[in-house]
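**Student:** In my numbering, the protein residues as written are 1061 to 1141.
Here you go, one structure.
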Amino acid sequence: MKSSEVKFNITAEIDGKEKQVNVTQLETTDGVPYYACHAEEVEITQLRNETYGKWEQLWGNLDDKTIQQLGKQIEKQITPP
């Protein structure tokens, strides 16, 4: 684990239930950040904010509405005040 690794918690609605999601920021081999999301210690998805402004799922099977909701919560955490 890198010392610069970013971790935080968000709350999101997944499958109709509000869940605590643990998010870890990681990087692809070309240096682009993506976010591994865990709920109840199980990885549920990996997301990346694409250059065209939409959050995309790299891994997992969440619907687009949930992906965009998670993305907005992640943005709130990573955007400086």
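We put the CB at the ideal spot given by N, CA and C, even for glycine.
Measure the alpha-carbon distance for T1111 versus D1090 and round it to whole angstroms.
**Tutor:** Roughly 14 Å between the two C-alpha positions.
**Student:** Quick check: T1088 and Y1094, are their CB atoms within less than 8 Å of each other?
**Tutor:** Yes; because the gap between Cβ atoms is below 8 Å, this pair is in contact.
**Student:** Using only alpha-carbon positions, find the residue among N1082, E1073, E1101 that is nearest to T1126.
**Tutor:** Checking every option, the nearest Cα to that of T1126 belongs to E1073.
**Student:** Counting C-beta neighbours from all protein chains within 10 Å, is the total for T1105 16 or more, i.e. buried, or is it exposed?
**Tutor:** The residue in question, T1105, is buried, as its Cβ has 16 or more Cβ neighbours within 10 Å.
**Student:** My parser needs the beta strand (DSSP E) runs of 3 or more residues fully inside the region 1061–1100; what are they?
**Tutor:** Entirely contained in the region 1061–1100, the beta strand (DSSP E) runs reaching 3 residues are, in chain order, 1066–1074, 1077–1087, 1093–1099.
**Student:** Please state if the CB of Q1085 and the CB of V1066 are separated by a distance shorter than 8 Å.
**Tutor:** Result yes, Cβ atoms of V1066 and Q1085 sit closer than 8 Å.
**Student:** Tell me the DSSP bridge mates of T1105?
**Tutor:** Answer by DSSP bridge pairing, in chain order: C1097, G1120.
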